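So the structure is just underneath, and the comments pick up after that.
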Amino acid sequence: MMSRFQALQAIVTGDLIYGLRDDGRTDLLLVYDANATSFWARNIPNETTYKFDRDGEGRRIEDDRKCTIVSTAVLPPEQYQVAIALDRRMGSKPEYPDSRLTEDEIQLILTYARFFEERLLQGMEALVKRSQKLRAVGSFLTLEWDPFNAPENPSSVFEYDDYVSDLLALLDTHASESEVSRFLRMIAGLRGRPPDVVERAEAAAVGLLRLRQAWL
Amino acid sequence: MIRIAERALKALGYEIRLATLSLKLDVMIAGLERRCRPDQPRAPKGTPEGGQWINDLSVVGQVQVEPEPVQVAGPRCDGFSGGCSMGGSFGTTGMYTIQGKRLCRSCALKILGIEELPHIEQQETLGHFGPKGQQ
């Protein structure tokens, strides 16, 4: 088995690699340029670009967000081809209906994180665990507590992005139900969410404590 | 007797006209006095009102600041052919940026062809195509 150092040194143009940002979000990245000290890659779905050093640490060119390469596992050939085709299509900025994702592309987007997180570079487990927690908390907020698909006044998928890491830190301190509930009411107020969202804060706090139990 | 009465009436008429003219003259003089004040300042040169009579020197050159417009909603959805311009939720907040377009949720789902996915998968998929600053 290759060490993390060896795996990162072996990255070449055309590789598909997997990165995690410090907010827990995932990047399916296509390497489009590489040299002895650095490599450049772009996120396939949203076409943002990154520059990485050979230690696997990089920054997004557009906004300087940090990203860490946690897996360089090789996708099965058919999935690799789907990813390359999606990259080309997204790069061409297709008009509707050509912009619609195929079933294979949806499948790739929904499953690549699991594929790579089951095949990590050495020493990346803690970082991945934290990212999984961040994503779980974020999903809970915008699916359970303040649904982004509510018929009236829905939240954005990104509504609570700025608060998820603070909420996870609060949960990690073994905060009580009332403390979590108070935090939720506060962020709902900061985001100007409607009163019914605030009213559901206590029930949501119970759900978050249950989620925390599942991590133990 | 009649002549005396006619003269008296004529004299009265003159007096009335004279009084009316006198009143008009007073009004005109008062108006002129109001318009011309010896101590009235003039706007200094180099200002937009330069040389004109002004009421208050302290306001010369000051730019009228209009109140900052308050944004009460997010940016509008750009829409697209086949999207909300066809009767969906046109004009609602464009919270997603996909392929360079700012789109509302229903347009975002439609442009990616994922309207039929379960909600959790819609959210997961949209998260990957989000605005560059956030996703």
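Respectively, the protein sequence lines represent chains A and B.
Residue numbers for the first sequence follow my numbering, beginning at 5 and rising by one.
Residue numbers for the second sequence follow my numbering, beginning at 682 and rising by one.
Just so you know, even glycine gets a beta-carbon here, dropped at the ideal spot from N, CA and C.
Given the structure is predicted, the values throughout are model-derived calculations rather than measurements.
Query raised in the report: Does the beta-carbon of B/Q752 have 16 or more other beta-carbons within 10 angstroms, so that it is buried, or is it exposed?
Result: Below a pLDDT of 50, predicted positions are generally treated as unreliable, and B/Q752, at 42, falls in that range; the measurement from the model is reported next regardless. Classification for B/Q752: exposed.
Requested in this report: Just grab the DSSP bridge partners of A/F43 for me.
Outcome: A/A38, A/F56
Query raised in the report: Are the stretch 67-76 of chain A and the stretch 13-31 of chain A touching, with three or more C-beta to C-beta distances below 8 Å?
Result: yes
Report task. For B/S762, return the contacting residues in chain A, with the cut-off set at a CB-CB distance below 9 Å. Result -> E99, Y100
Query raised in the report: Going straight from the alpha carbon of A/P158 to that of B/E805, what length do you get?
Result: About 16 Å.
Query raised in the report: Which term fits A/T30, buried or exposed, when burial requires 16 or more other beta carbons within 10 angstroms of its beta carbon?
Result: With 16 or more other Cβ atoms within 10 Å, it is buried.
Query raised in the report: What number of angstroms, rounded off, separates the C-alpha of A/R149 from the C-alpha of B/C788?
Result: Here the sequence assigns Trp to residue 149 of chain A, which means Arg is not the residue at that position. Roughly 23 Å separates the two Cα atoms.
Query raised in the report: Does the beta carbon of B/L807 come closer than 8 Å to any beta carbon on chain A?
Result: yes
Query raised in the report: Mind checking whether A/L112 and A/V86 have CB atoms under 8 Å apart?
Result: yes
**Report entry** Three-state class that DSSP yields for A/R92 in the structure shown
**Finding:** helix
Requested in this report: Check each candidate in A/L32, A/D59, A/F56, A/G142 and name the one with the smallest Cα separation from A/L114.
Outcome: A/L32
Query raised in the report: What number of angstroms, rounded off, separates the C-alpha of A/Q13 from the C-alpha of A/N39?
Result: 10 Å
Query - C-beta neighbour in chain B for A/T115, strict 8 Å - result: no
Query raised in the report: Can B/L807 and A/V184 be called in contact, C-beta distance under 8 Å?
Result: no
Query - Rounded C-alpha distance that separates B/G775 from A/L90 - result: 24 Å
Query raised in the report: Using the beta-carbon of each residue, which ones in chain A are nearer than 7 Å to B/E802?
Result: L114
Report task. Look up A/D176 in the DSSP assignment and give the residues it is bridged to. Result -> Answer by DSSP bridge pairing: none, since A/D176 is not bridged.
Query raised in the report: Which residues, in order along the stretch 143-162 of chain A, keep a beta-carbon less than 8 Å from a beta-carbon of chain B?
Result: Cβ contacts with chain B: S143, T146, L147, P151, F152, N153, P158, S160, V161, F162.
Query raised in the report: Using 8 Å as the threshold, is the stretch 136-151 of chain A in touch with the stretch 163-175 of chain A, meaning 3 or more CB pairs across them?
Result: yes
Query - Proximal residues of chain B, C-beta to C-beta of A/N39 below 9 Å - result: Correct list: empty, because the minimum Cβ distance to chain B is about 26 Å.
Query raised in the report: When burial is assigned at 16 or more other CB atoms within 10 Å of the CB, is A/A209 buried or exposed?
Result: buried
Requested in this report: Please compile the residues from chain A whose C-beta is within a distance smaller than 8 Å of the C-beta of B/L793.
Outcome: Residues of chain A with a Cβ closer than 8 Å to the Cβ of B/L793 are, in chain order, S103, R104, L105.
Query raised in the report: Buried or exposed: B/Y669, going by 16 or more other Cβ atoms within 10 Å of its Cβ?
Result: This structure gives no information on residue 669 of chain B, because the portion of chain B shown stretches from 682 to 816.
Query raised in the report: If the cut is a Cβ gap below 8 Å, which residues of chain B does A/M6 touch?
Result: Those within 8 Å of A/M6 in chain B number zero; the least Cβ separation is about 28 Å.
Query raised in the report: By DSSP, does A/E206 sit in helix, in strand, or in coil?
Result: helix
Query raised in the report: Going straight from the alpha carbon of A/E203 to that of A/A192, what length do you get?
Result: One C-alpha to the other measures close to 10 Å.
Query raised in the report: Helix, strand or coil: which one does DSSP assign to B/P748?
Result: Residue confidence for B/P748 is low, a pLDDT of 49 falling below 50, so the modelled location carries little weight and cannot support an answer.
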